[in-house]
Amino acid sequence: MSIPESNGKTVLVTGINGYIASVLGLHLLSKGYSLRGTTRRASSAEPLLKGPYALYSERVKIYEVPDMTIDGAFDEAVKDVDGIFHTASPINFSLTDFSHFITPAIRGSEVILDSALKAGPQLSSVVITSSAAAIYDANKSSPYTFTESDFASFALDRAEADKEQGLVTPPGILYSASKTAADRAVWRWRDEHKPKLSLSTINPSVVIGPPIYLPSSGSQLNETLKPLFDIFSGASKTVGPPIGSGGFVDVRDVAFLHAWAYEHPTEADGERFCAVQGYGPPQAAADILRVKYKGTSIGERIPVGEPGKGYQGYDEKTGRIGVLEYPEGNLRVTGVKAERVTGLKYIDFETSVVDTAKVLEGLL
19 MSIPESNGKT VLVTGINGYI ASVLGLHLLS KGYSLRGTTR RASSAEPLLK GPYALYSERV
79 KIYEVPDMTI DGAFDEAVKD VDGIFHTASP INFSLTDFSH FITPAIRGSE VILDSALKAG
139 PQLSSVVITS SAAAIYDANK SSPYTFTESD FASFALDRAE ADKEQGLVTP PGILYSASKT
199 AADRAVWRWR DEHKPKLSLS TINPSVVIGP PIYLPSSGSQ LNETLKPLFD IFSGASKTVG
259 PPIGSGGFVD VRDVAFLHAW AYEHPTEADG ERFCAVQGYG PPQAAADILR VKYKGTSIGE
319 RIPVGEPGKG YQGYDEKTGR IGVLEYPEGN LRVTGVKAER VTGLKYIDFE TSVVDTAKVL
379 EGLL
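Note that the working numbering has the sequence shown beginning at 19, numbered continuously upward.
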């Protein structure tokens, strides 16, 4: 199998072995870019190098960055690159302390941006993977539709108040707070440094879609794929509630938007792009998978939950979903700006769930 001709450009993707980053890396390689990737341990990139990236081995170089919060951590990796995609986030969900969760998230953004200033004049664009959690506030009065002009505050305010009072903040709140704090750090840095390069953020909602390589077990999947796998595999006997606003986006669309932002520096500079196709609750995923795998041993293990509950579009007679919609009056984040500006046509929830399940069959 031949690979695309090189386009002469080299780009860096931080946290290359992550779910979004690995898909983004392959997307960039397929477009002719040479790829640099960072990871805490070089050995963790081996499944990529020996698997989906094997055809492109001459165009991939891995840099080990054990601690991305240290000044200059990315200086070597960014030298002479044409573009930077910062997807890495120093988040460990086993931690419940403010200083171990939020401070590293802020430092990670600041350190990569400081290194970007040393990359050279050929660097045209830095694209940061942020989150819809930096836009969505759960305590907002409904109905309300969040856009790129909204800046979340609830989770960070809560985490800071808990810190002052010596209280333990739930991991979910800390996660949202860390994304909010990191997002603010990006725009604060841009205001202070006024760089010549283009700087933008992609703010995805819950990301699913087919991973390009699998861990050794389902328990090692990332935080957004694991709930879907637990439903698919029958490991979960119940169907859980939506995460955050319940918005979803396919990882392939997230990769597209990152690449678009880099390739259109003038249009993307200073912009946030919400990556949200629409509503994607776990109950809808279970309903889709039960139909897809009906009559199979896999289908028998998928929890039933309460079919059609919590979303619009379910047909009780067929068990199928027509047009999947949020419940009336729900808070939501819209991704229409990304579609309008980039020309993207989002992958729908059913297609994303089924495509993901096909890959996850390898873990059953």
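Glycine residues also receive a C-beta, built at the ideal position from the N, C-alpha and C atoms.
Neighbourhood of residue 82 by C-beta, 6 Å cutoff - its chain only, sequence neighbours within 5 removed: 60
Sub-7 Å separation of residue 331 and residue 340 beta-carbons: yes
Burial state of residue 19, where buried means 16 or more other Cβ atoms lie within 10 Å: exposed
Nearest to residue 356 (by Cα), restricted to the options 218, 182, 74, 119: 218
Straight-line gap, residue 375 to residue 255 (C-alpha atoms, nearest Å): 17 Å
Under 7 Å between C-beta atoms of residue 154 and residue 323: no
Per DSSP, the bridge partner or partners of residue 240: The partner list for residue 240 (beta bridge, DSSP) is empty, contrary to what the question assumes.
Continuous alpha helix (DSSP H) stretch holding residue 301: start and end: 300 to 310
Under the three-state DSSP convention, the category residue 235 falls into: coil
First through last residue of the beta strand (DSSP E) which encompasses residue 222: 216 to 222
Bridge partners - residue 268, DSSP secondary structure assignment: 226
Chain B contact for residue 257 (CB, 7 Å cutoff): Note that chain B does not occur in the displayed structure, where there is just one protein chain.
Simplified DSSP state of residue 59, which is helix, strand or coil: coil
Short Cβ contact (7 Å threshold) for residue 120 with residue 199: yes
Meets three-Cβ-pair contact criterion under 8 Å: the stretch 93 to 102 and the stretch 147 to 167: no
Cβ distance (whole Å) where residue 144 is taken to contact residue 152 below 8 Å: So it is not a contact: roughly 17 Å between Cβ atoms.
Residues that DSSP places opposite residue 343 in a beta bridge: 330
Under 7 Å between C-beta atoms of residue 114 and residue 38: no
Continuous beta strand (DSSP E) stretch holding residue 136: start and end: Unbroken run through residue 136: none, as it is neither H nor E.
Distance between beta carbons of residue 269 and residue 41, contact taken as under 8 Å: 5 Å
Straight-line gap, residue 329 to residue 21 (C-alpha atoms, nearest Å): 43 Å
Distance, residue 68 Cα to residue 156 Cα: 42 Å
Cβ-based burial, residue 333 [other Cβ within 10 Å; buried from 16]: exposed
Residue 114 - DSSP class collapsed to helix/strand/coil: coil
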